[in-house]
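All remarks here apply to the structure that follows.
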Amino acid sequence: MFAVFRDLIRYNIEFAIGLILVVVVAVFSAASFFSPVDPSLIYMTIPDQPPSPQFWFGTNSRGQDMFWQLSAAFRNSLAFGLTVAVLSRIISIAVGLTAGYMGGWVDRVLMFINDIFVSLPIFPILVLFYFVLRNHMDSFTLALVMAGFGWPFDARLIRSVAIGLKHREFTRHAVFAGMSTPKLLLEEHLPYVMPIVFATFMNNMLWSIGLEVTLAVLGFTNINQPTIGTVLYWANSHSAMVVGTWWWIVIPVILIVMTFLGLFLLAVSMNEYIDPRSRLRRMGA
Amino acid sequence: MQGYLWFIGKRALQMLAVIFCGISATFLVTHLSPIDPVEQVLGRLSSRANLSPEAILATREALNDLFGTGAPILEQYVNFWTRLVRGDLGPSLMAFPTPAMDIVMRAMPWTLGLLVSATLITFVIGNLLGALAGYNQNNRFFKLFGILAMGVQPIPYYVVAFILLIIFGFLWPVLPISGGFAMDVTPGYNWPFISSVLQHAILPTFSVVLVGFGGWFIGMRALVSNVINDDYVTYAELAGVKKSTIVGGYVIRNAVVPQLTALALTLGGVFSGTVITEQVFNYPGLGSLLIDAVNAGDYSLVLAVSTVSITAVAVAIFIVDLLHPLLDPRVKTE
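Residue numbers (our numbering), protein chains in the order written: chain A, 4 to 288; chain B, 347 to 680.
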């Protein structure tokens with residue numbers, strides 16, 4: 004595992020850059036654990052101060068120190084993305100491995116459901132959930148709902164690998180040795196799909212955080228909890244760009260681009276790593 | 347031919363299943379939620395006017411009738427479908443008594459016109475440039491282009507749209523930034539109206555293209571760089587086939603097939619994009635309608651928009667799937 008990591012950093016510049024970006028954002032968001040102020044409170048400092056040694060990222064029109072505000076926002080958004088990614092990975096692994104290994108009508112039924120989930124338009128449904136839940140909609144509920152829609156595409160990928168594993172020698176050995184199916188899938192097949200799981204993990208985080216930003220910007224989430232999206236929502240609703248408090252928009256945008264670019268590069272380089280042909284090409288073989 | 351019919355039948359069945367499950371999900375979400383739309387409307391009514399208890403009771407009954415609520419859930423579900431098949435989703439509350447379906451149908455052409463054309467433009471540009479970049483791998487211009495595409499691609503749409511709005515709205519105001527057409531023209535098939543519509547569509551279309559094309563570009567470049575190592579391409583090159591024929595006839599045609607599947611999925615995502623696009627540019631489509639309806643608590647209109655968008659997406663995916671075997675004969679026998 005460590006050797007893989009070292010190789011990736013050494014031979015894959017995308018991975019290195021992505022890792023640096025993600026680590027910087029992660030450290031920044033971890034700073035929120037030492038925050039001297041509660042990020043949900045407003046009018047704690049002088050509003051509309053530009054960045055200065057005292058307020059590194061300035062303060063916004065709601066009297067919040069942007070440094071701590073953004074730090075908490077990124078922590079919440081990353082935590083949200085992680086939750087969705089972990090939950091939907093569990094579903095996609097379960098469906099993908101089962102469908103691939105069992106084949107037959109189990110496979111057909113699971114993939115039929117899968118296809119339906121792939122083509123359902125998620126956004127109107129999420130808005131609908133917000134519409135009917137309103138004040139009950141916290142970020143964990145939203146994460147649950149999104150995880151329920153975030154698995155099908157990756158389940159298909161995992162299935163395609165699992166189909167190949169089914170005919171390998173070691174699978175037959177395990178079956179003849181009397182290994183139970185769940186055990187076989189978890190202990191023998193799961194390690195083979197882990198690279199795909201990691202690569203799709205990043206993509207899924209990107210997808211869920213992006214969707215949360217979209218929902219929050221429109222005010223369709225709990226807007227009092229700081230997240231990447233709600234920071235933009237409040238900046239927009241105070242017309243930050245028009246009244247000249249540019250740091251309220253520009254700094255979060257820079258951080259967002261860093262986060263998204265970082266996760267994207269990680270996902271791309273992991274995908275490439277899975278494909279041995281391009282890996283060899285890169286290492287100059 | 348028979349294989350093709352079988353293929354269409356299977357896909358049509360799947361489309362119907364998607365529509366059925368999607369709409370059932372919408373129904374379940376709205377009806378199993380702890381919040382009763384009737385009570386919400388009643389609450390708003392009684393905060394505005396001083397209603398007597400009898401009036402509240404009468405209104406509640408009337409509203410239950412309008413929304414088809416109050417009955418046992420299974421009965422409601424059957425009623426919901428029978429009404430839906432006739433295209434009736436009850437009157438909108440925002441614009442009472444206009445049927446919600448009428449309002450949706452009025453917004454529909456705007457969304458379809460803007461988003462579908464923008465998505466198709468994005469698809470064509472991204473794939474053409476991606477194919478060229480994949481074919482001419484050592485071209486410096488395409489390399490630079492690839493880096494740019496890579497950089498723009500992961501930025502959330504909202505941020506890009508907002509930057510465009512600032513540039514073309516405040517810094518260099520040459521394009522209309524809001525609305526679907528100018529206020530001083532009469533809608534209809536006349537040139538001032540059409541040109542105004544086109545002008546208003548430029549900026550939103552541009553924003554969609556800018557955000558979307560990077561993904562196609564990167565995907566197509568990777569696909570093409572795999573295809574050009576295949577024997578038939580080398581053979582065609584050795585045989586002296588024209589370069590444009592190789593790229594257009596052989597390489598793109600073979601590489602574009604997986605991209606078509608992705609196009610179907612992107613069309614599926616059109617409605618998530620449309621809400622933000624229309625919100626930012628104040629475009630009079632389904633997205634703006636959905637936002638207004640949610641903010642106004644317009645129960646039937648929200649249901650109507652979701653129902654229509656689910657149906658439209660399923661149909662779009664179906665159509666793209668039908669094009670699939672025309673490009674890739676192997677699909678038929680699958």
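Cβ atoms here follow ideal geometry from the backbone N, Cα and C, with glycine treated the same way. Values in this document were obtained by computation on a predicted structure and should not be read as measured data.
- Inclusion of residue 35/A and residue 71/A in the CB contact set at 8 Å is warranted, their separation being smaller than that value.
- At least 8 Å separates the beta-carbon of residue 224/A from that of residue 104/A.
- Residues of the region 71–99 of chain A with a Cβ closer than 8 Å to any Cβ of chain B: none.
- Taking 8 Å as the upper bound for CB-CB distance, residue 208/A and residue 21/A are not in contact here, some 12 Å apart.
- Counting the other CB atoms within 10 Å of its CB gives residue 157/A a total of 16 or more, which places it among the buried residues.
- Neighbours of residue 622/B across chain A, judged by C-beta separation under 8 Å: 217, 220 and 221.
- Around the beta carbon of residue 245/A, a 10 Å sphere encloses fewer than 16 other beta carbons of the protein chains shown; the residue is thus reported as exposed.
- Around the Cβ of residue 140/A, a 10 Å sphere holds 16 or more other Cβ atoms; the residue is buried.
- In summary, residue 385/B is exposed, with fewer than 16 beta-carbon neighbours lying within 10 Å of its beta-carbon over all protein chains present.
- Judged by DSSP in its simplified three-state form, residue 68/A adopts strand.
- Shortest Cα-Cα distance from residue 237/A to any of 66/A, 138/A, 267/A and 94/A involves 66/A.
- When secondary structure is reduced to three states using DSSP, residue 522/B falls in the coil class, being assigned neither helix nor strand.
- Proximity of the region 353–361 of chain B to the region 652–664 of chain B meets the contact definition, three or more beta-carbon pairs being nearer than 8 Å.
- Contact with chain B is absent for residue 179/A, since none of that chain's Cβ atoms lies less than 8 Å from the residue's Cβ.
- In the pairwise beta carbon analysis, the region 74–94 of chain A is classified as touching the region 134–153 of chain A: at least three pairs are separated by under 8 Å.
- By the C-beta density criterion, residue 421/B is exposed, having fewer than 16 other C-beta atoms within 10 angstroms.
- Counting only residues of its own chain and dropping the five nearest sequence neighbours on each side, residue 627/B has a CB closer than 7 Å to the CB of 523, 524, 549 and 550.
- Non-local C-beta neighbours of residue 546/B in its own chain, meaning closer than 7 Å and more than five positions away in sequence, comprise 522, 525, 526 and 527, ordered along the chain.
- Listed as beta-bridge partners of residue 124/A by DSSP are no residues whatsoever.
- For residue 126/A, at least one C-beta of chain B is nearer than 8 Å to its own C-beta.
- Excluding five sequence positions before and after residue 259/A, the CB atoms of its chain that fall closer than 7 Å to its own CB belong to 231, given in chain order.
- Sequence-distant Cβ neighbours of residue 119/A in its own chain, meaning closer than 6 Å and more than five residues away, do not exist here.
- By the CB criterion at 8 Å, residue 571/B and residue 480/B fall inside the cutoff.
- Proximity of residue 24/A to chain B, defined by a Cβ-Cβ separation below 8 Å, is not satisfied.
- Each of 6/A, 50/A and 68/A was checked against the Cα of residue 229/A, and the nearest Cα belongs to 68/A.
- No residue range can be given for residue 247/A, since it is assigned to no alpha helix (DSSP H) and is classified by DSSP as neither H nor E.
- Of the other Cβ atoms in all chains shown, fewer than 16 fall within 10 Å of the Cβ of residue 30/A; this residue is therefore exposed.
- Cα atoms of residue 253/A and residue 498/B: separation of roughly 16 Å, rounded to the nearest angstrom.
- Judged by pairs of C-beta atoms under 8 Å, the region 462–479 of chain B does not touch the region 531–538 of chain B, as fewer than three such pairs exist.
- Put simply, the CB of residue 446/B is far from chain A, with every gap to its CB atoms at 8 Å or more.
- The CB of residue 213/A comes closer than 7 Å to the CB of 502 in chain B, given here in chain order.
- One finds 115, 118 and 119 in chain A with Cβ atoms closer than 9 Å to the Cβ of residue 363/B, taken in chain order.
- Residues of the same chain with a CB within less than 8 Å of the CB of residue 49/A, apart from the 5 flanking positions on each side, are 62 and 66 in chain order.
- Residue-level contact check: residue 605/B does not touch chain A, since none of the beta carbons of chain A fall below 8 Å from its beta carbon.
- Residue 636/B is positioned such that its CB atom lies closer than 8 Å to that of residue 651/B.
- Distance from residue 564/B to residue 477/B at the Cβ level is roughly 12 Å; contact not present, criterion being Cβ atoms closer than 8 Å.
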